[in-house]
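The next block holds one structure in the form of structure tokens; read it before the comments.
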Amino acid sequence: MDRAIALDPTFAKCCILPVVRVPCTLLTGIKAPLYVRLDDDSVSDQWDRVMKGCEADLGASVPHWLDCLERVQTRLERRESVNLRVIGSPKWRELLDAVHERFKGKIGHVDLNGGDAVSRRGLVSAILLACGHHAAVSSEPDDLAELQARIGNSAGAMIELRHFDRVKDPDRHYGDAFFWAINHLVETRKLSLLIESRETLAALVPPALKQSSVVSVTKTVELRGN
């Protein structure tokens, strides 16, 4: 801190911005005419000053963005499933990046925008690969048996499914059986999901699964843009 203050002792060069992260008495060496209080994450105006000074934008209020991040991480720490529902244009990718940083090496990633996720077997292969299972996957219908065996017999897995709205595309024919297989893994707590989507999860699964466990136990966190 002494080195930082020495760079701009009078805080006139605007290269140092003191930040109060917890309530405290400012040290005698800090005589800044301006400082930012971040001891309460629910107060947005102070965060707005920091973001403006850094020329940064989360596309949402910082307290709301941080609250969503914390809620997602808390659910995953409990091995629960989460649906991150994105509304508007917040920086949702950055939030998911923060989640992956928090669970580095523990959470896999599958993007349904990828060509490998168009077919059911391709999606199953992508999920297993993201979970660390590298062996080739059999053709349908045996692919679901292998999904069950490899994840069901493991200590458990955590996977992020990005752009989940694509499951409703007319060229995607995953079938009810795929969703029931995922439902069983979630129900038996062998699989924790982080699903990113624009629509609600209930609107994306087949009608037969609207009352299933994968829908009822998955907690929705809505990330809303400005």
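Residues in the sequence shown are numbered from 127 upward in steps of one, following my numbering.
Backbone N, C-alpha and C fix where the C-beta goes; we use that ideal spot for every residue, glycine too.
Model, not experiment: these values are computed from the prediction.
In the structure shown, the three-state DSSP call for Arg129 is helix.
For Ile308, the uninterrupted alpha helix (DSSP H) segment begins and ends at 301-313. With a contact defined as Cβ atoms closer than 8 Å, Phe305 and Leu335 qualify at about 5 Å. For the pair Cys180 and Lys345, the Cα-to-Cα distance works out to about 33 Å. Looking at the backbone, the Cα of Pro216 and that of Lys230 are separated by about 23 Å. For the pair Leu192 and Val250, the Cα-to-Cα distance works out to about 32 Å. In the structure shown, Gly248 falls within a helical segment according to DSSP collapsed to helix, strand and coil. Nearest neighbour of Val312 by Cα position, chosen from Gly240, Leu202, Gly351, turns out to be Leu202.
Burial is judged here by how many other beta carbons sit within 10 angstroms of a residue's own beta carbon; Arg246 has at least 16 and is buried.
It is roughly 26 Å from the alpha-carbon of Asp297 to the alpha-carbon of Ser318. Ser339: not part of any beta strand (DSSP E); member of the alpha helix (DSSP H) spanning 339-342, first to last residue. Considering only Lys316, Glu220, Ala261, the residue with the shortest C-alpha distance to Cys194 is Glu220.
If you look at Glu286, you'll find it in the beta strand (DSSP E) that goes 283-288. The bridge partners DSSP lists for His235 are Glu286. Sequence-distant Cβ neighbours of Gly351 in its own chain, meaning closer than 7 Å and more than five residues away, are Gly185, Ala186, Ile213, Gly214, Ser215, Pro216. The straight-line gap separating the alpha-carbon atoms of Leu320 and Arg204 is approximately 12 Å.
By the neighbour-count criterion, in which a residue is buried when 16 or more other Cβ atoms sit within 10 angstroms of its Cβ, Asp268 is exposed.
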